[in-house]
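**Q** Could you have a look at this structure, given as structure tokens, before my questions?
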Amino acid sequence: MQSNLKLKGLLVITLLPALLLYSFFVIIPIFWSSYYGFFEWSGLGDATYIGLQNYIDVMQSPVFWRSLKNNLIIVAASVFGQVPIALALALMLRKSNWFQIFVRSAVFLPMVISTVVVGLIWGYIYDPEIGVINTVLRAVGLESWTKAWLADPSVNMYAVAVPIIWNYIGPYLIIFIAAIQNIPSEMEEAAMIDGASGWKKLIYIILPNMWTTIKVAVVLCISGSLKAFDQVFVMTGGGPAESTEILATYMYNNTFLVYRYGYGSAVSTMIILLSLILIGISQVLMKRKNEGMTIR
Amino acid sequence: MRSKITWGIIHIFLILFGFIWIYPFIWMISSSLKTNASFLTSGINPIPETLNWENYTRAWDVANFSGYFLNSVVITLGTVTIVVLLSCLTGYALGRVDFPGRKTMIVIIGALMFIPTGYTIIPLYELMKFLGLSNTLFGVVLAESSGAHVLFILLFAAFFSRVPKEIEEAAAIDGSGFLKTFFKIILPSAKPVIATAVIMQFIWTWSSFLIPLVLTLNNPDLRTLAVGMLSFVGKYQTDWTGMAAGASISLLPVILIFIVMQRYFIEGISGSVK
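These protein sequences, in sequence, are chains A and B.
Every letter in the first sequence is one number past the one before it in our numbering, and letter 7, counting from 1, is 7.
Every letter in the second sequence is one number past the one before it in our numbering, and letter 77, counting from 1, is 77.
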């Protein structure tokens, strides 16, 4: 009895503060947000109840669907860019001599630059007049390849995705290197004795041993890139003509630029619903997740 | 012999790759030391003709980076302290204490990772107004601390599940209460994980943009470095060299915290991916 009481006290001390903070500033705002979605409101003055109209408008807005499509481009670019590049680099950089540590640090470096600065720097790199890419292209005589990278709707979504890949690859590299170094050396030795080397070792020993880590990385990657905002907001603000609008910039612009608080709230509710669907999918994908993070 | 050549090629590739990878970073540092005129004429050449520190004084004084810097420090220190302490406590409960519903809770926390916190910014803004915390640094700290911190909680839980139970039992026999044991024995034992959490949370909060942007929309004095950086972008032209200087200033503390804590950082991550 006494120990039961002690356990309860312990749980209150350890879990309650985080739970309170989380429900107050995350859970309650989610419901509050969906409630706002039922109103026509400019942020000031009175709000008018308009039922489901905002939600219907969101569903019927072509820009919302374009933002979703653009956002999925960023998700795909992150998953198929960050994970394979980080994996390949991890395989090349698994030893800890000074050269490899140096390259590792270089790859990790963009992570420490703030996202706004990343957006600003790449805004310069893509600049049609003084930017690095066009300057280099002109210098090597490929004048015809120069473009207004962030303005041309045929390329700007991909141009926007590159800095995001660049920005966030570092942590995946570290996770992968750690996973490779944690493969028991006996396994590799046994494989060597069996005559497996190079590609065979990679396919039969290294990759299977890293599989759960890779899955965790993919899920982190999806959830991270779904939240993308900073770099796109700084580079293009969603423009020109809403061609690089992603979900977060669409919500922000509707709320704080044209003051449609109700509509913006409806958008954020839709995004949260979408994320919940992704939870479902990823839970199926990651059924045996506890292997990756050992919690017994 | 063949493998030597392969390694040679890989080395050359890695050097080239590394250089291109950090070029934007080199560009930033070098542009911060160029005059505006030489910046525009030098093309992609990263080496400044003369070292010109005027951009730094302009950013620090004129663009009010001294004020932004202080705001960023207060917000980041507050947030890192709250987040690391709370995730350590939660991780301890989940990794260490056997209570009914623990497994369910781990699954729920794993799922929370997907709820993008930034999207509730409108009600969060209203909530802060309601609490009288809008236009205060404390409000920003609370908003920044309120995420699910799934990664840290799982790291701490994994770590604590591997620490031998005898430690607390010994402390309990000595008559030490939970909080005392926690701060004296448990917390210090988790150094590698703490360092990992501190570094990651420091980087995230330091560069966090959406929350401070919205919560300080009406009060420019409370802006952080990340938000203040936008002041270099004009409607018609951008002050590139000033921006580069401001960006370099904002990078210093992150580099510093890395150098201080990197020894534990890798250890903390490798310990958790087993």
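The beta-carbon is built from N, C-alpha and C at its ideal position, and this holds for glycine as well.
Distance cutoff 8 Å, beta carbons only. Does T294 of chain A sit that close to anything in chain B?
**A** Note that T294 of chain A scores 41 on pLDDT, short of 50, meaning its location in the model is unreliable; the coordinates nonetheless yield the value given after this. Yes - at least one Cβ of chain B is within 8 Å of the one on T294 of chain A.
**Q** Mind reading off the beta-carbon distance from A248 of chain A to G118 of chain B? Whole number of angstroms is fine, and I expect it under 8 Å.
**A** That pair is a contact at about 6 Å.
**Q** How far does the alpha helix (DSSP H) with E186 of chain A in it reach, from first residue to last?
**A** Its alpha helix (DSSP H) spans residues S185 to I193.
**Q** DSSP puts Y49 of chain A in a beta bridge; with which residues?
**A** Answer is A:F39, bridged to Y49 of chain A.
**Q** So, F38 of chain A versus Y49 of chain A, is the Cβ gap smaller than 8 Å?
**A** Yes, they are a contact pair.
**Q** According to DSSP, which residues form a beta bridge with T238 of chain B?
**A** According to DSSP, T238 of chain B bridges with B:V233.
**Q** With distances taken Cα to Cα, identify the nearest neighbour of V116 of chain A among B:W204, B:I108, B:A170 and B:I257.
**A** The shortest Cα separation from V116 of chain A among B:W204, B:I108, B:A170 and B:I257 belongs to B:W204.
**Q** Taking contact to mean 3 or more Cβ pairs, one atom from each stretch, closer than 8 Å, check whether the region 26-40 of chain B and the region 240-259 of chain B are in contact.
**A** Flag = yes, the region 26-40 of chain B and the region 240-259 of chain B touch.
**Q** Use the C-beta contact count for T14 of chain A: other C-beta atoms within 10 angstroms, 16 or more gives buried, fewer gives exposed.
**A** T14 of chain A comes out buried.
**Q** Below 8 Å, how does it come out for the region 151-168 of chain B and the region 88-98 of chain B: are there three or more Cβ pairs, yes or no?
**A** The region 151-168 of chain B is in contact with the region 88-98 of chain B.
**Q** Hey, would you say I125 of chain A sits closer than 8 Å to I133 of chain A, going by beta carbons?
**A** Against a cut-off of 8 Å, the Cβ pair of I133 of chain A and I125 of chain A comes out as a contact.
**Q** For L16 of chain A, I'd like the list of residues in its chain whose CB is within less than 8 Å of its CB, leaving aside the five on either flank, ordered along the chain.
**A** So no residue of the chain qualifies.
**Q** Measuring alpha carbon to alpha carbon, tell me which of B:F130, B:W240, B:F159 and B:V233 ends up nearest M28 of chain B.
**A** Among B:F130, B:W240, B:F159 and B:V233, the Cα nearest to that of M28 of chain B belongs to B:W240.
**Q** If I follow the unbroken alpha helix (DSSP H) through M111 of chain A, where does it start and stop?
**A** Per DSSP, M111 of chain A belongs to no alpha helix (DSSP H) and is neither H nor E.
**Q** Using a Cβ-Cβ distance under 8 Å, would L7 of chain A count as near chain B?
**A** Judged by the 8 Å Cβ criterion, L7 of chain A is in contact with chain B.
**Q** Identify the contact partners of I22 of chain B in chain A, using a Cβ-Cβ distance below 7 Å as the criterion.
**A** The answer, in chain order, is A106 and L109.
**Q** For K227 of chain A, count neighbouring C-beta atoms within 10 Å of its own C-beta (all shown protein chains included) and say buried if the count is 16 or more, exposed if not.
**A** Per the 10 Å Cβ criterion, buried.
**Q** Where does H11 of chain B sit, in a helix, a strand or coil, going by DSSP?
**A** In the structure shown, H11 of chain B sits in a helix (DSSP, three-state: H, G or I).
**Q** When we look at the beta-carbon of Q262 of chain B and count the other beta-carbons within 10 Å, is it buried (16 or more) or exposed?
**A** Answer is exposed; the Cβ neighbour count stays below 16.
**Q** Less than 7 Å between C-beta atoms, sequence neighbours within five positions excluded: which residues of the same chain meet that for S208 of chain B?
**A** Same-chain partners within the cutoff: E144 and A226.
**Q** Looking at C-beta atoms only, is the number of pairs between the region 95-107 of chain A and the region 10-21 of chain B that lie closer than 8 Å three or more?
**A** Enough Cβ pairs lie closer than 8 Å, so yes.
**Q** Using DSSP with H/G/I as helix, E/B as strand and the rest coil, what is V118 of chain A?
**A** Here V118 of chain A sits in helix by DSSP.
**Q** Between S265 of chain A and Q237 of chain B, what straight-line distance do the alpha-carbon atoms span, to the nearest angstrom?
**A** Taking the straight line from one Cα to the other gives about 33 Å.
**Q** Please name the residues in the region 10-34 of chain B whose beta-carbon is closer than 9 Å to at least one beta-carbon of chain A, in chain order.
**A** Against chain A - using a Cβ distance shorter than 9 Å - the residues of the region 10-34 of chain B are I10, H11, F13, L14, I15, F17, G18, F19, W21, I22, Y23, P24, F25, W27, M28 and S31.
**Q** Among A:L150, A:A178, A:L93 and A:S33, which has the Cα closest to the Cα of T212 of chain A?
**A** Comparing Cα positions, the closest option is A:A178.
**Q** Report the rounded CA-to-CA distance for V160 of chain A versus L220 of chain A, giving the unit in angstroms.
**A** One C-alpha to the other measures close to 20 Å.
**Q** Scan the region 69-94 of chain A for residues whose Cβ lies nearer than 7 Å to a Cβ of chain B and list them as they occur along the chain.
**A** So the list reads M92, given in the order they occur along the chain.
**Q** Is Y259 of chain A near the ligand HEM, with its Cβ less than 7 Å from a heavy atom?
**A** This structure lacks the ligand HEM, and indeed carries no ligand of any kind.
**Q** Assuming the contact rule is C-beta atoms closer than 8 Å, Y250 of chain A and V267 of chain A should be a hit. Round their C-beta distance to whole Å, please.
**A** That pair is a contact at about 6 Å.
**Q** If you check the beta carbons only, do A76 of chain A and Y172 of chain A fall under 8 Å apart?
**A** No, they are not a contact pair.
**Q** When you compare each of A:L120, A:L20, A:V162 and A:L68 to E242 of chain A by their alpha carbons, which one comes out closest?
**A** Closest by alpha carbon: A:L68.
**Q** Cα-Cα, which of A:Y252, A:S34, A:Y263 and A:L207 is closest to P84 of chain A?
**A** If we check each option's Cα against that of P84 of chain A, A:L207 comes out closest.
**Q** Please check if any C-beta of chain B sits within less than 8 Å of the C-beta of P208 of chain A.
**A** No, its Cβ sits nowhere closer than 8 Å to a Cβ of chain B.
**Q** Please compile the residues from chain B whose C-beta is within a distance smaller than 7 Å of the C-beta of S268 of chain A.
**A** Those are Y119, T120 and I122, listed as they occur along chain B.
**Q** Would you tell me roughly how many angstroms separate the C-alpha atoms of S225 of chain A and G139 of chain B, rounded to the nearest one?
**A** If I take the Cα positions, the gap works out to 26 Å.
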